[in-house]
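K.L.:
Numbering (this note's numbering), first residue to last: 7 to 150.
See the structure below:
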């Protein structure tokens with residue numbers, strides 16, 4: 007079966023980017039990756055955190071403008087670090103015939119790592135963004 011990839015952009019919302027180390031650089035890198043994915047016909051899936059700290063509709067909850075989903079692109083809301091848990095992400099990826107996920111977003115050591123591990127558990131191949139993703143603080147990491 008041929009590989010079909012999807013790019014997952016996790017928690018790149020105003021409030022999380024504001025606390026990220028080198029947030030503007032990371033946004034620019036992920037924006038470039040998103041554009042390359044779109045140009046190659048790879049679906050870009052935006053995953054948003056929604057909980058008591060990230061209230062639906064607030065400025066902090068909004069995806070940063072540079073990474074806002076385009077019309078018709080899928081958006082998944084989650085309430086835990088696992089982008090698959092109690093969301094429609096798995097069904098969405100299956101509907102798109104995705105076999106591999108490219109995982110990027112905020113923050114490497116929490117939500118990106120958890121989602122990547124759950125993708126493996128569900129049978130998806132995965133890779134992390136070649137640009138890396140920002141941890142909450144300290145030096146950026148380039149791999150999960």
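Using N, Cα and C, we set each Cβ at its ideal position, and we do this for glycine too.
Values in this document were obtained by computation on a predicted structure and should not be read as measured data.
1. Going by beta carbon distance, what residues of the same chain come within less than 8 Å of residue 70, once the five residues before and after it are set aside?
2. Along the chain, which unbroken stretches of the alpha helix (DSSP H) at least 4 residues long are found entirely within the segment 59-109?
3. Residue range of the beta strand (DSSP E) that residue 16 falls in?
4. Just to confirm before moving on: does the CB-CB distance between residue 79 and residue 50 stay below 8 Å?
5. Does the distance from the CB of residue 85 to the CB of residue 56 come in under 8 Å?
6. Could you tell me which residues DSSP pairs with residue 57 in its beta bridges?
7. Which of helix, strand or coil does DSSP assign to residue 38?
8. Less than 7 Å separating the Cβ of residue 20 from some heavy atom of the ligand GTP?
P.N.:
So, to answer that:
1. 18, 19, 20, 23 and 33.
2. The qualifying runs are 95-101.
3. 11-16
4. Yes, these two residues count as a Cβ contact at 8 Å.
5. yes
6. 60
7. helix
8. In the structure shown, the ligand GTP is absent, as is every other ligand, since no ligand is present at all.
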